[in-house]
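Residue numbers (the numbering used here): 3 to 233. Positions of the beta carbon are idealized from the N, C-alpha and C atoms, including for glycine.
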Amino acid sequence: MWSWKTIQESLGSLVPPYLRRGLLRLYIVIAVPWVAWFGFQTISALDQHGPVWRYVSAPLLSLLIVPVGAPILFFAIVWVLAGFRSSAPNQDDFPGLEPKSVWDVLRKNPNFQKQKEMFEFQSLLCENGVDADELPNAQGEFGMTPSNPVPCKTVFGSNAYLDRLRAPDGSKVVYRRVGYLPSNVTPQPVDAYVLYHSNGEKLATIYISPYQKRISGKAPRGFTLVGEQSP
């Protein structure tokens with residue numbers, strides 16, 4: 003429907019501000035001398051002998067072409083072009099349509115659902131774990147032996163811990179899980195990860211117990227942790 007609001011919306015979406023300023027200046031540059039010239043012609047026609055309308059009609063109509071006709075033509079073109087644009091669906095027209103957040107999209111993603119279920123299952127296994135940076139009954143060097151694994155909460159927590167781990171020179175380590183093995187300090191098996199420098203050099207093999215109540219804030223000897231500790 004033709005309305006001032008429709009024209010404003012169409013003008014704002016189709017014609018950027020800098021272009022509107024340029025068109026306005028062009029309009030003024032053309033309209034001022036146009037009005038001056040045909041205004042003079044109209045006044046001069048009044049001095050002619052005979053029917054006034056006969057002499058005044060042509061310059062008077064010409065006088066209105068630019069100052070009146072140009073804006074009308076411009077807004078008409080903008081309004082017509084706006085009709086070809088695809089508009090977003092109106093929620094009032096579709097009562098069942100609700101705006102979707104990132105969380106809504108993720109919840110419907112099957113891969114995300116699978117990861118979420120796995121995390122919830124692993125979290126249940128961590129309920130009887132230890133809430134400490136190091137297992138109280140650990141034996142041997144921290145993180146370097148299966149009998150003193152790094153406490154973490156779920157495999158996701160293990161990945162978060164390893165992502166924060168830095169080599170002796172401060173560079174980020176590259177890690178690869180190579181398997182799991184039993185431990186005499188925890189009823190569940192521990193995971194073994196080989197750590198590499200970014201240049202490909204093997205640094206160490208560390209052991210992680212992903213069945214504890216939280217992620218350890220302690221780093222194995224020679225390594226450091228960066229960033230904030232995850233819960």
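- With contact defined as three or more Cβ pairs closer than 8 Å, the stretch 163-172 and the stretch 135-142 are not in contact.
- In its chain, beyond the 5 residues on either side, no residue has a beta carbon closer than 7 Å to the beta carbon of A60.
- Less than 8 Å divides the Cβ of V192 from the Cβ of Y182.
- Pairing A47 with W39, the inter-Cα distance amounts to about 12 Å.
- Rounded to whole angstroms, K155 and V175 show a C-alpha spacing of 20 Å.
- Excluding sequence positions up to five before and after I210, its CB lies within less than 6 Å of the CB of P151, V152, C154, S160, D193, all in the same chain and listed in chain order.
- Less than 8 Å separates the beta-carbon of L127 from that of Y213.
- The beta carbons of S200 and S218 sit no closer together than 8 Å.
- Rounded to whole angstroms, the separation of the alpha carbons of L63 and V80 is 24 Å.
- With 16 or more other Cβ atoms from the protein chains shown falling within 10 Å of its own Cβ, Y163 counts as buried.
- Non-local beta-carbon contacts of T226 in its own chain, meaning distances under 6 Å to residues more than five positions away in sequence, involve R168 in chain order.
- Pairing G145 with I208 gives a Cβ-Cβ distance under 8 Å.
- Straight across, the Cα-Cα distance linking P35 with F42 is about 10 Å.
- Counting of Cβ neighbours within 10 angstroms places L197 among the buried residues, the total reaching 16 or more.
- Of the other Cβ atoms in all chains shown, 16 or more fall within 10 Å of the Cβ of P222; this residue is therefore buried.
- Only residues of its own chain outside the window of five on either side were considered, and among them A169, V175, L197, Y198, H199 have a CB closer than 7 Å to the CB of L205, listed in chain order.
- The beta carbons of D133 and K215 sit closer together than 8 Å.
- Spatial neighbours of F121 in its own chain (CB-CB distance under 7 Å, excluding positions within 5 residues in sequence) are listed in chain order as T156, F158.
- Counting C-beta atoms within 10 angstroms of its own C-beta, P148 has 16 or more neighbours from the protein chains shown and is therefore classed as buried.
- Leaving aside the five residues that flank T188 on each side, the residues in its chain whose CB is nearer than 8 Å to its CB run, in chain order, L137, P151, S211, Y213.
- C-alpha of L66 to C-alpha of V82: approximately 23 Å in a straight line.
- Contact check for Y29 against A78 fails: the beta carbons are separated by 8 Å or more.
- As the crow flies, the alpha-carbon of Q115 is around 56 Å from that of L75.
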